[in-house]
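Written out below as C-alpha cells is the structure these notes cover.
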Amino acid sequence: GAVVSQHPSWVICKSGTSVKIECRSLDFQATTMFWYRQFPKQSLMLMATSNEGSKATYEQGVEKDKFLINHASLTLSTLTVTSAHPEDSSFYICSASSGYGYTFGSGTRLTVV
Amino acid sequence: QKEVEQNSGPLSVPEGAIASLNCTYSDRGSQSFFWYRQYSGKSPELIMFIYSNGDKEDGRFTAQLNKASQYVSLLIRDSQPSDSATYLCAVMVSGTASKLTFGTGTRLQVTL
Numbered sequence: 001g002a003v004v005s006q007h008p009s010w011v012i013c014k015s016g017t018s019v020k021i022e023c024r025s026l027d028f029q030a031t032t033m034f035w036y037r038q039f040p041k042q043s044l045m046l047m048a049t050s051n052e053g054s055k056a057t058y059e060q061g062v063e064k065d066k067f068l069i070n071h072a073s074l075t076l077s078t079l080t081v082t083s084a085h086p087e088d089s090s091f092y093i094c095s096a097s098s099g100y101g102y103t104f105g106s107g108t109r110l111t112v113v
Numbered sequence: 114q115k116e117v118e119q120n121s122g123p124l125s126v127p128e129g130a131i132a133s134l135n136c137t138y139s140d141r142g143s144q145s146f147f148w149y150r151q152y153s154g155k156s157p158e159l160i161m162f163i164y165s166n167g168d169k170e171d172g173r174f175t176a177q178l179n180k181a182s183q184y185v186s187l188l189i190r191d192s193q194p195s196d197s198a199t200y201l202c203a204v205m206v207s208g209t210a211s212k213l214t215f216g217t218g219t220r221l222q223v224t225l
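Below, the structure is given as C-alpha cells:
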C-alpha cells in the first residue's frame, strides 16, 4: 500500500525559532500534498494544499508567510513553521492522494515553549 | 451549520455488539465519503470509502450512504476493544480540488 513518511514525529522548540516538517511519499508519486493541523479534541483542519512545482494554496485564515510550504519534487513536501509561538503548538499531519485513497503521514507533535 | 457533523460521543458498546456511527453533511455536491479511525496521538487511518448510495461492506465494517438524506454511517460488527478510537467522517466536494472536509469525530468505547 501507499506510505507517507513524516518526520520528525515530535519536536520541541523555543519561541521565535523555525521548525521544518518533512513528508515523503515512499512508493508513489504525490502530485498533491495536503497539510492539516489538529488541536486536542478537535478535528483535522486543512491548512494548505501543495502541488509539485507550484505555489501552495492556503485556506482562509492561514498565514502563508508563517507556514511555508515547499513541494519541490513528486515525493517530498515540507512545511516550515517560522517564528513559532506557543499558540502554534499542535499536531501537524500531511496527506497525499494515492491509488488507495488519501494516505496520511504519522503526524508531527510540535510543542513551542 | 457545520459542513460535516458527527456526534462527539463517547459511544459506548459492549464487546461483540454492533457499533453504529453517523455523519451528516451539508453540501449536496459532496461526491466521496470516507471513514477514518484515529487512535489518540496518532494520525488517521482509512477504514473505507463510499461513492454510491447503498451499502458497502469490508470485513466487519459496513458503510451506508444516503445522498437524498445527506448522511453516511459506519457499522462495526462484533466490536472489539481494539476498535476503541475516534472515528472521523470526511467528505470530498466536487470542484474543491480533492480537498477533504472532516467532521469532529465520534469517540467509540468498546467495553469488556
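Protein sequence lines correspond, in order, to chains Z and W.
FYI, my numbering numbers position 29 of the first sequence as 29, with every residue one higher than the one before it.
Heads up, my numbering is the position in the second sequence plus 113, with the first residue counted as 1.
Even for Gly, the Cβ is constructed at its ideal location relative to N, Cα and C.
For the C-beta of Gly216 (chain W), the chain Z residues within less than 7 Å are, from N- to C-terminus, Ser43. When secondary structure is reduced to three states using DSSP, Asp196 (chain W) falls in the helix class. Between the C-alpha atoms of His71 (chain Z) and Gly154 (chain W) there is a straight-line separation of about 26 Å. Unbroken beta strand (DSSP E) stretches of 3 residues or longer found wholly inside the region 47-106 of chain Z: 67-73, 76-81, 90-98 and 101-104, given in chain order. Using a Cβ distance threshold of 9 Å, Gly105 (chain Z) and Ser211 (chain W) do not count as a contacting pair. Measuring C-alpha to C-alpha distances from Ala181 (chain W) to each of W:Ile160, W:Ser143, W:Pro194 and W:Met161 identifies W:Ser143 as the nearest. The alpha-carbon separation between Glu59 (chain Z) and Thr49 (chain Z) amounts to approximately 8 Å. Note on Tyr36 (chain Z): 16 or more other CB atoms within 10 angstroms of its CB, so buried under the neighbour-count rule.
For Ile12 (chain Z), the secondary structure class from DSSP, reduced to helix, strand or coil, is strand. Interface flag for Ser54 (chain Z) against chain W is unset, since no Cβ pair is found closer than 9 Å. If you ignore the 5 residues before and after Trp10 (chain Z), its C-beta comes within less than 6 Å of the C-beta of Arg109, all in its own chain and listed in chain order. Asp88 (chain Z) counts as buried, since no fewer than 16 other beta carbons sit within 10 angstroms of its beta carbon.
Scanning its chain for C-beta atoms nearer than 7 Å, with the 5 sequence neighbours on each side dropped, one finds around Val62 (chain Z) the residues Met47 and Ala48, in chain order. In this structure, the beta-carbon distance from Arg220 (chain W) to Tyr200 (chain W) falls below 9 Å. Proximity of Gly154 (chain W) to chain Z, defined by a Cβ-Cβ separation below 9 Å, is satisfied. Residue-level contact by beta carbon fails for Ile21 (chain Z) and chain W, as no gap is shorter than 9 Å. Under the 9 Å criterion on CB atoms, Phe162 (chain W) is classed as interfacial with respect to chain Z. In the DSSP annotation of this structure, the continuous segment of the beta strand (DSSP E) that includes Leu124 (chain W) starts and ends at Leu124 to Pro127.
Between Phe28 (chain Z) and Ala2 (chain Z), the CB-CB gap stays under 9 Å. For a cut-off of 8 Å, the C-beta gap from Val185 (chain W) to Cys136 (chain W) is around 5 Å, short enough to register as a contact.
Listed along chain W are Ser156, each with a C-beta nearer than 7 Å to that of Ile93 (chain Z).
Beyond the five residues adjoining it in sequence on each side, Asn179 (chain W) comes within less than 8 Å, by CB distance, of Asn166 and Val185 in the same chain, given in chain order.
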